[in-house]
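These notes concern the structure reproduced below.
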């Protein structure tokens, strides 16, 4: 029994260290499962609303039904409490010198508010259903030239073309793709596209009108 107490004492120091790191919304507990009816012997923080002398949990009782060598630590399990909290829990089983489970250290982190915040964030970043969940690449330019350059460069990449050696068919495809992106709403764009392709402005207009 004295040896077991020394083991529990070492875990109590560990519990204090863990709590000092998390502190807010955290609870660290130590249970002595040789007395399951009142197994909670040490407590730091308040997440579950328990006090020293509280019984062990249903999850632990189920584990204790196993052979000692089959009992494994439980890391990162999520539990929903009757108090409406969502708790992330890790459990480290405490063993005596013979390997028999005599207790456990539990870390309980209240993630209720984090979970709510996650739901809010997911709702905020969810695209409008009218756009079928599409994502758009956008340039928040400080000058219209940036917008023009970005549209032309991205279209060149999309089509995989070399604007210095365009065949007539590819030129028409390129000009029409630019038109579909609204580039001709930019003043002077026809002249700039003509310069880019090394053709006349009229050729650009013809590319738009050809069937």
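In my numbering, the protein residues as written are 18 to 228. From the three backbone atoms N, C-alpha and C, an ideal C-beta is built for every residue, glycine too.
Span of the beta strand (DSSP E) around residue i
i, result
"residue 119", "118-127"
"residue 209", "That residue, residue 209, is in no beta strand (DSSP E); its alpha helix (DSSP H) goes 206-214."
"residue 91", "91-97"
Counterpart residues of residue i in DSSP-defined beta bridges
i, result
"residue 59", "47"
"residue 201", "Residue 201 is not bridged to any residue."
"residue 112", "118"
"residue 224", "Per DSSP, none; premise fails for residue 224."
"residue 107", "124"
First through last residue of the alpha helix (DSSP H) which encompasses residue i
i, result
"residue 37", "19-39"
"residue 168", "161-176"
"residue 81", "75-81"
From the options, residue whose alpha carbon lies closest to that of residue i
i, options, result
"residue 219", "89, 192, 63, 200", "192"
"residue 174", "186, 161, 194, 162", "194"
"residue 64", "224, 123, 204", "123"
"residue 46", "84, 139, 121", "121"
"residue 21", "217, 49, 183", "49"
"residue 100", "184, 91, 129, 90", "129"
"residue 31", "97, 60, 52, 19", "60"
"residue 280", "202, 23, 165, 216", "As displayed, the chain neither begins before 18 nor continues past 228, which places residue 280 out of reach and without an answer."
"residue 117", "179, 80, 142", "80"
"residue 107", "91, 136, 96", "91"
"residue 227", "113, 185, 208", "185"
Close Cβ partners of residue i (< 8 angstroms) along its chain, the five nearest in sequence each way excluded
i, result
"residue 198", "168, 172"
"residue 231", "The structure shown has nothing for residue 231, since the chain only spans 18 to 228."
"residue 176", "187, 190, 191, 194"
Own chain, CB closer than 7 angstroms to residue i, minus 5 neighbours either side, in chain order
i, result
"residue 126", "39, 42, 43, 104, 105"
"residue 188", "214, 224"
"residue 28", "47, 111, 122"
"residue 73", "48, 50, 53, 56"
"residue 206", "165, 200"
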